[in-house]
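Numbered per the numbering used here, the sequence shown spans residues 1 to 302. Okay, structure first, notes after.
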Amino acid sequence: MSQPTHLPYGGIPTFARAPHAPPDGDWRSDVGVLGIPFDLALGFRPGARFAPRALREASLRYVPPFTGLDGVTRLAGATFTDAGDVVLPSLEPELARDRTTGAARRIRERCRLPVFLGGDHSVTFPLLRAFDDVPDLHVVQLDAHLDFTDTRNDTRYSNSSPFRRAAEALPNLVHITTMGLRGLRFDPEAVAAARARGHTLIPMEAVAADLAGVLTQLPTGKNVYLSVDADALDPAVLPGTSSPEPDGLSYGQAMRVLAETARRNTVVGFDLVELAPNLDPTGRSELIGARLIMETLAEVFR
Numbered sequence: 001m002s003q004p005t006h007l008p009y010g011g012i013p014t015f016a017r018a019p020h021a022p023p024d025g026d027w028r029s030d031v032g033v034l035g036i037p038f039d040l041a042l043g044f045r046p047g048a049r050f051a052p053r054a055l056r057e058a059s060l061r062y063v064p065p066f067t068g069l070d071g072v073t074r075l076a077g078a079t080f081t082d083a084g085d086v087v088l089p090s091l092e093p094e095l096a097r098d099r100t101t102g103a104a105r106r107i108r109e110r111c112r113l114p115v116f117l118g119g120d121h122s123v124t125f126p127l128l129r130a131f132d133d134v135p136d137l138h139v140v141q142l143d144a145h146l147d148f149t150d151t152r153n154d155t156r157y158s159n160s161s162p163f164r165r166a167a168e169a170l171p172n173l174v175h176i177t178t179m180g181l182r183g184l185r186f187d188p189e190a191v192a193a194a195r196a197r198g199h200t201l202i203p204m205e206a207v208a209a210d211l212a213g214v215l216t217q218l219p220t221g222k223n224v225y226l227s228v229d230a231d232a233l234d235p236a237v238l239p240g241t242s243s244p245e246p247d248g249l250s251y252g253q254a255m256r257v258l259a260e261t262a263r264r265n266t267v268v269g270f271d272l273v274e275l276a277p278n279l280d281p282t283g284r285s286e287l288i289g290a291r292l293i294m295e296t297l298a299e300v301f302r
């Protein structure tokens, strides 16, 4: 018997209605989805722990394949598996990091492109540890904040520090390009440390003034891990995030960066973090987040 076609608000909400299987199950697919419902490392408003479930529900609006106005159908042949969420302890962040790394490794063994649903941005460090065998690894980070702080409030593993910890722990992580930086609060030591490593720091002012020129600063021909912080987008577009900063990326600007990154490079991993659906009663933040994921996948699997 054929499976029923549910409306977006019906049925069990796996990501894009993908079949569900555990991270260590007997499955193979093009895309493997893993949720990390963790927000103990936030410095401001909580809620990112609710994002994986909210993104799954929102993704029911965007079940592939898609046919655009141009008549081109995208993601027609791509296969998806939803591997559920990492089973996290309540108050043991080190154990949470280890379980996250382990689950991410298992996902990588079973799919071409793992997609991770955060979670605050601290989860990107244990996720990146699962890519320690990828040569010449680059990160393209869309973010209002640098997230390269050494220590915040006596904490080395906060959502302000994932890329500092990753740069220290992973010799294969050779470069980070951060796009959309803005705001009043930057840690001078973190900025200096990132620049000393040769990272590319692109402020929002540069994106707004010359997006085409900024795109030329993206890596080319590299293995790239994409990390998208929800606060990279302007809060008028996506308000559901812990630390919104005005004058951010439009959806179109963000997608141009992601599409150009996918066109130029091999995307090996992708996370969307810092989405806090409880801070947006309209529900549009998770809809925007789910669409951004799907549209990025359409660019990767062109």
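Ideal Cβ placement from N, Cα and C applies to all residues, glycine included. Bear in mind the structure is a predicted one, so any value in this text is a computation, not a measurement.
Closest Cα partner of residue i within the set the options
| i | options | result |
| --- | --- | --- |
| P23 | A83, D30, G118, I202 | A83 |
| V115 | D70, G32, A51 | G32 |
| D132 | N159, S122, L173, A276 | L173 |
| A44 | L211, N153, V268, R182 | The residue asked about is misnamed: residue 44 is Phe in this sequence, not Ala. The residue with the shortest Cα to Cα distance from F44 is N153. |
| D280 | A298, Q253, L297, A230 | A230 |
| L40 | S90, R53, F270, V214 | S90 |
| E109 | L297, R61, L218, G25 | G25 |
| E295 | R185, N265, S59 | S59 |
| A169 | L184, A262, R129, A21 | R129 |
| A273 | R264, L184, G283, G289 | According to the sequence provided, residue 273 is Val. The question's Ala does not apply to it. Of the candidates R264, L184, G283, G289, the one whose C-alpha sits nearest the C-alpha of V273 is G289. |
| A304 | R53, V123, N159, E94 | No statement about residue 304 is possible, as the shown extent of the chain runs from 1 to 302 and does not include it. |
Three-way DSSP call (helix, strand, coil) for residue i in this model
| i | result |
| --- | --- |
| Y251 | helix |
| A290 | helix |
| T14 | coil |
| H145 | coil |
| H138 | strand |
| P114 | strand |
| G213 | helix |
| H199 | coil |
| V123 | helix |
| N223 | strand |
| A21 | coil |
| D30 | strand |
| R152 | strand |
| V257 | helix |
| M1 | Because the pLDDT at M1 is just 39, under 50, the model does not fix this residue reliably, and the value given afterwards should be weighed accordingly. Three-state DSSP puts M1 in coil, outside helix and strand. |
| F270 | strand |
| L40 | coil |
| V87 | coil |
Beta-carbon proximity of residue i to residue j, cut-off 8 Å
| i | j | result |
| --- | --- | --- |
| F38 | A103 | no |
| A192 | D150 | no |
| A259 | G180 | no |
| L42 | S242 | yes |
| L34 | I107 | yes |
| Q141 | T177 | yes |
| A36 | V86 | Looking at the sequence itself, residue 36 is Ile, so the reference to Ala does not match. The answer is yes: Cβ separation under 8 Å. |
| T266 | V214 | no |
| L75 | F301 | yes |
Interface flag, residue i vs chain C, CB-CB below 8 Å
| i | result |
| --- | --- |
| D143 | Considering every chain present, this structure includes no chain C. It has just one protein chain. |
Can you list the alpha helix (DSSP H) stretches of 4 or more residues lying completely in the stretch 45-81, in chain order?
51-59
Take every Cβ of the stretch 248-267, pair it with every Cβ of the stretch 220-240, and state whether three or more of those distances are shorter than 8 Å.
Contact between the stretch 248-267 and the stretch 220-240 is established, with three or more Cβ pairs separated by less than 8 Å.
Quick check: the stretch 77-92 against the stretch 190-204, are at least 3 beta-carbon pairs closer than 8 Å?
By the Cβ rule, the stretch 190-204 does not count as touching the stretch 77-92, because fewer than three pairs are nearer than 8 Å.
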